[in-house]
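Trainee: Position one of the sequence shown corresponds to residue 4 (this note's numbering), numbered consecutively onward.
The beta carbon of each residue, even a glycine, is placed where N, CA and C say it ideally should be.
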Amino acid sequence: MYYDLYGLETVSLRYFNVFGERSPQKGQHAPVIGIFQRQKEAGQSITLVGDGSQRRDFVYVKDVAEANYLAAVSDLSDHIGEVFNVGSGKNYSVKQIADCISDDQVFLPSRSGEMDFTFANIDKIQKVLGWKPKVDVIEWING
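Set out below in structure tokens:
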């Protein structure tokens, strides 16, 4: 739309569940890993919504930064107005993430409107930008 209206050549990067150092640990939009880490550090039980079977595609913040850099310096003139998914191309259940952080878990009622499944198809960004994620969320948590 910006290209059509203003001639501004743009592409969009669609981030999936970004994790990493200095992740927000509070607030409505804090990522689940940050919330779980805060709960563990405070000596609280980790709270899972529903049964924790929701699956999410987690992508490391430095991998996201690299995708942004590549998009900024690459010739994308053949892709103006297109969207590139920035994710890991795999997903884990929220319960798998919680299990890596603490065994002290409680389950809350399911929330209406919560996504059951996210998964980034990263074929396009790999082909066009040569980008691929380097850090796996489970390895990062356990590291």
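#1: By DSSP's criteria, Leu16 is part of a beta bridge. Which residues make up the other side?
#2: Excluding sequence positions up to five away, which residues of its chain have a Cβ less than 8 Å from the Cβ of Asp60?
#3: Determine the extent of the beta strand (DSSP E) in which Gln42 is found, giving its start and end residues.
#4: Using 10 angstroms around the beta-carbon of Gln57, count the other beta-carbons present and answer buried if the total reaches 16, otherwise exposed.
#5: Below 8 Å, how does it come out for the segment 74-90 and the segment 5-13: are there three or more Cβ pairs, yes or no?
#6: When the distance is taken between beta carbons, is Leu51 closer than 7 Å to Gln108?
#7: CB-CB under 7 Å to Gly23, same chain, minus the five flanking residues each way: which ones, in chain order?
#8: Could you give the residue range of the alpha helix (DSSP H) that holds Ile128?
#9: Mind checking whether the beta-carbon of Thr50 lies closer than 6 Å to any heavy atom of the ligand SAH?
Mentor: According to the data block:
#1: The sequence position of residue 16 within the sequence shown is 13, counting from 1. According to DSSP, Leu16 bridges with Phe87.
#2: Here residue 60 refers to the residue found at position 57 of the sequence shown. Counting only Cβ-Cβ distances below 8 Å, and skipping sequence neighbours, we find Phe19, Asn20, Gly90, Ser91, Gly92, Lys93, Asn94, Thr121, Phe122 and Ala123.
#3: In the sequence shown, residue 42 corresponds to position 39, counting from 1. That residue, Gln42, is in no beta strand (DSSP E); its alpha helix (DSSP H) goes Val35 to Glu44.
#4: For the purposes of this step, residue 57 is taken as the residue at position 54 of the sequence shown. Around the beta-carbon of Gln57, 16 or more other beta-carbon atoms lie within 10 Å, marking it buried.
#5: Three or more pairs of CB atoms, one per stretch, sit closer than 8 Å, so the segment 74-90 contacts the segment 5-13.
#6: Within the sequence shown, numbered from 1, the residue matching residue 108 stands at position 105. Within the sequence shown, numbered from 1, the residue matching residue 51 stands at position 48. Contact: yes.
#7: As a position in the sequence shown, residue 23 is number 20, starting the count at 1. Once the five neighbours on either side are set aside, the close Cβ partners of Gly23 are Tyr63, Val64 and Lys65.
#8: As a position in the sequence shown, residue 128 is number 125, starting the count at 1. Taken as a continuous stretch (DSSP letters only), the alpha helix (DSSP H) holding Ile128 covers Asp126 to Leu132.
#9: Of the ligands one can find in the structure shown there are none, so the ligand SAH has no counterpart to examine.
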